[in-house]
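Q: Residue numbers (this note's numbering): 917 to 1789. Note that the Cβ used here is the ideal one computed from N, Cα and C, for glycine as well.
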RNA sequence: GCCCGGAUGGCGGAAUUGGUAGACGCAAGGGACUUAAAAUCCCUCGGGGGCAACUCCAUGCCGGUUCGAUUCCGGCUCCGGGCACCA
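1) Which same chain residues, not among the five before or five after residue 1083, have their C-beta less than 8 Å away from its C-beta?
2) Report the three-state DSSP secondary structure of residue 1464 (helix, strand or coil).
3) If I follow the unbroken beta strand (DSSP E) through residue 928, where does it start and stop?
4) Does the Cβ of residue 1296 have 16 or more other Cβ atoms within 10 Å, making it buried, or fewer, making it exposed?
5) I'd like to check one pair, residue 1453 with residue 953: are the Cβ atoms closer than 8 Å?
6) For the putative contact between residue 991 and residue 967, defined by C-beta atoms under 8 Å, what is the C-beta separation to the nearest angstrom?
7) What is the rounded straight-line gap between the Cα of residue 923 and the Cα of residue 1568?
8) Between residue 904 and residue 1342, what straight-line distance do the alpha-carbon atoms span, to the nearest angstrom?
9) Whose C-alpha, out of 1094, 1091, 1375, 1142, is nearest the C-alpha of residue 1114?
10) Using only the alpha-carbon positions, how far apart do residue 1292 and residue 1323 sit?
11) Could you round the C-beta distance between residue 1168 and residue 1148 to whole angstroms and report it? I think they count as a contact, below 8 Å.
12) Apply the 10 Å Cβ neighbour rule to residue 1150 and answer buried if 16 or more other Cβ atoms are within range, or exposed otherwise.
13) Under 8 Å, do residue 1757 and residue 1729 count as touching if we go by C-beta distance?
14) Would you mind giving the Cβ-Cβ distance between residue 1337 and residue 1146, rounded to the nearest angstrom? I have them listed as a contact below 8 Å.
15) Hey, would you say residue 1611 sits closer than 8 Å to residue 917, going by beta carbons?
16) Nearest to residue 1042 by CA position, among 1388, 1193, 1426, 977, is which residue?
17) Can you tell me whether residue 1124 is helix, strand or coil according to DSSP?
18) If you draw a straight line from the alpha carbon of residue 1261 to that of residue 1174, how long is it in whole angstroms?
19) Enumerate, from N- to C-terminal direction, the unbroken alpha helix (DSSP H) stretches of 4 or more residues contained entirely within the region 971-1037.
20) Any chance you could list the alpha helix (DSSP H) runs of at least 4 consecutive residues sitting entirely within the region 1235-1314, in chain order?
21) Starting from residue 1687, trace the alpha helix (DSSP H) both ways and give me its first and last residue.
22) Can you tell me whether residue 1079 is buried or exposed? The criterion is at least 16 other CB atoms within 10 Å of its CB, across all chains shown.
23) Consult DSSP for residue 1695 and reduce its assignment to one of helix, strand or coil.
24) Do the region 1003-1017 and the region 1429-1442 meet, that is, are 3 or more Cβ pairs less than 8 Å apart?
25) Which residues in the same chain have their Cβ closer than 7 Å to the Cβ of residue 1205, if we skip the five residues on either side of it in sequence?
26) Classify residue 1104 as buried or exposed, calling it buried when 16 or more other Cβ atoms lie within 10 Å of its own Cβ.
27) First and last residue of the alpha helix (DSSP H) that includes residue 1592?
28) Can you list, in chain order, the residues of its chain whose CB lies under 8 Å from that of residue 1781, leaving out five sequence neighbours each side?
29) Consult DSSP for residue 1700 and reduce its assignment to one of helix, strand or coil.
30) Please report the straight-line C-alpha distance between residue 1127 and residue 1643, rounded to a whole angstrom.
31) So, at 7 Å on beta carbons, what are the nonlocal neighbours of residue 1386 in its own chain, with the 5 sequence-adjacent residues on each side left out?
32) I'd like to confirm the pairing. Which residues does DSSP put opposite residue 1533 in its beta bridges?
33) Touching or not, the region 942-961 and the region 1046-1054, by the rule of three or more beta carbon pairs under 8 Å?
34) What beta strand (DSSP E) runs, 3 residues minimum, are completely inside the region 1335-1366?
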């Protein structure tokens, strides 16, 4: 055995052994339990970052562990290759997005290979390949036929200078990121997928996802946001009817129909038809409507803006009292939600209260608490009383509880045909149109005579031209006649091809099905889906907890309903990995843009006033002061990424994998530390050296478990305890950090074990074999080599995961903790299996315990078998 | 603003079902080996008090439940994720 640990050589050898033997090529084997292990495929941004390494190592540890547990493991890999960054890069350096993307894929693939992941590369896919995205188009056409896909208008961020739709990310403080122009909202025609049709099922089947983190299920349930309420129609008064040109009514949805008699205003969105009609004849209202249409479409922006509104001077009539209620236009009502209008009840809704207080609108109490707690909030008005209670001042509906009032009011409204109970979801339909180039073309043709005509299946895929370079203004496809000029499939007349592309979430909503049917040429998916799906373990960032996971669940159900091979739920078990954070340092020079600096190059010192000072060297050599901006996810734009490639080159993949798993449990946010990596490297090297020293004396003799002395038994027990812990930590708890800590502890124990006798060497040999097996999912290369060095036949990758020897785990004596009044006072050693009376006697006669208990008899003794005694005096 | 998490030594973290707070590692300090350095090995390492045995305090803050709370409950603070066109 070589004396020194040489990761570069040994990792290359292990990888070529796996490649050469086709170890990770997965095939369907009916009857053998399968394990589909999937990590969220990466966006090919250029280089791998630590978040990727963490994500893929988690998956690889589980894949290798399950393989040793006898499962037929499939672990595929692909590229989420369409998206905005490629267009940005194109604008910066003039290279077409296709070339930039494919170059990145090639580079990142090499990086990935160096990590030694147990991947079936035959299944690799990239969503920008026509062979992949043609099936986006094909299924979209099926959705059109089924009425799941449809066209209507939607609101986007519009940059008036560049004449371009901007992504939310490209709007900074309400201005375009390139032009600095104030952003406007603009309505344009778009295609939508009717995900709300599946809202109830998406909500209900969350309960079947027991293998998902509770927090993700809660987030999805809140996002879907089912609420039961009443739809109420408020009749126009004469003036409003005259304006709208007909009798009519204003429809609202409310979960608080019991507060109907407290409605003192109606608030409608700026885009509401009534608002449009009023604005047409009133300059100041037109100005307010225009003001509402400025700014971004982001919900977070809208939610924090000051609630503003103007009265229209028009009224609707209360359904029971006939009283006129003023109609206001308000900036906090969104056209996309419900009916684009809400019933304002300031006394019992916080938002309405805030708005009414500012606008001087009347506040009318119609609910009081049964306990009287409400009296404290009546007057002077400080806050709304939002709890359920008993109705008051509500005509015939007074004196009812919440549910009774809602039921009675809904029934009365329904009898008159002006209301009904209804379920409302917060979830909105999925708009998939993007006015951008680098994405999957939407397969439609707009014909002057035939309207919107689907591209016939035989003409799929609609291929995206790959040589275009965007310039930031508009969609390059709209300036490329060769793409958009076409003939109508129906009438043959000249027509215009749709130039919008699909949201990239479409691409990622079904790639896991394609992996199972990776080489199906004539179909989107085939029967192999039924073998591999659902995914047994999905691993990805917590930032995808809602959108990607919800869209994938929806898409899978749509495919099922279109009678394609699919499943009810795509992912049985989900592990949401925490983000990898690093410090952020920046400075903004007197002229020019803010610059970010690599945290590894920043020096922390102390200023004259004792405050911390941060400095770094510019490329020119000049030292400058920088400011600390706190923690954030690693990103190129903030220059705080750690390049895993440099670490792999310096320490080897095993060290990088080990550290990524050791630094924190997988679900937790992890703060990067350069120093910690060296500790992981030292551990592997120490293991290598220890095995080398052990083998210097030649092969160890066979182990005779019956002939061991106390010291040998003790080491053997430690080894098997560690094996049991690692099995549980990896297989059940997914706490790889504690599994590694346990192996480190075992190595420390073995290193202190100096018995050179034949059985001593045999026990040590077994301990090293257990360490090698237990560590192999995490650091597979070095373990592959150590396994051979330890004299085992066959490759470690094909070794079954061993079960701990129950006989080795038996303990003769156990330690009991003793507390007096809940404070730890002593530890006593007791024969394993002693009964409670014996334990009590031993504990109560212990002199350290006596000191605290004193002469008086204990008031109470609590005994936790095998663990603890608490004496209360 | 709304939804979801998190907070434990100088640092990353451990304590699995309410039962020994600080495993394992990093950093730091001391020592051994070495001409020297690197590497390696050994020791110390939450804070206060005490010569010591030992003892008191301590898991973001305030309060509660319990024989016993890092763990459960209520109220905060700060940090992170998401908010529908970043992926």
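A: A quick look at the data gives this:
1) 1000, 1073
2) helix
3) Unbroken run through residue 928 is the alpha helix (DSSP H), 923-936; no beta strand (DSSP E).
4) Because the pLDDT of residue 1296 is 49, which lies under 50, any placement of that residue in the model is unreliable, and the number read from its coordinates should be weighed accordingly. Burial call: exposed.
5) yes
6) 18 Å between Cβ atoms; not a contact.
7) 5 Å
8) What the structure shows of the chain is the stretch from 917 to 1789, and residue 904 is not part of that stretch, so it cannot be assessed.
9) 1142
10) Low confidence applies to residue 1292: its pLDDT is 43, below 50, so where it sits in the model is not reliable enough to give any reading.
11) 6 Å
12) buried
13) no
14) 6 Å
15) yes
16) 1426
17) helix
18) 11 Å
19) 1000-1009, 1013-1030
20) 1266-1275
21) 1674-1691
22) exposed
23) coil
24) no
25) 1186, 1191, 1195, 1245
26) exposed
27) 1590-1611
28) 1752
29) helix
30) 19 Å
31) 1003, 1006, 1007, 1353, 1392
32) 1539
33) no
34) 1335-1341, 1360-1363
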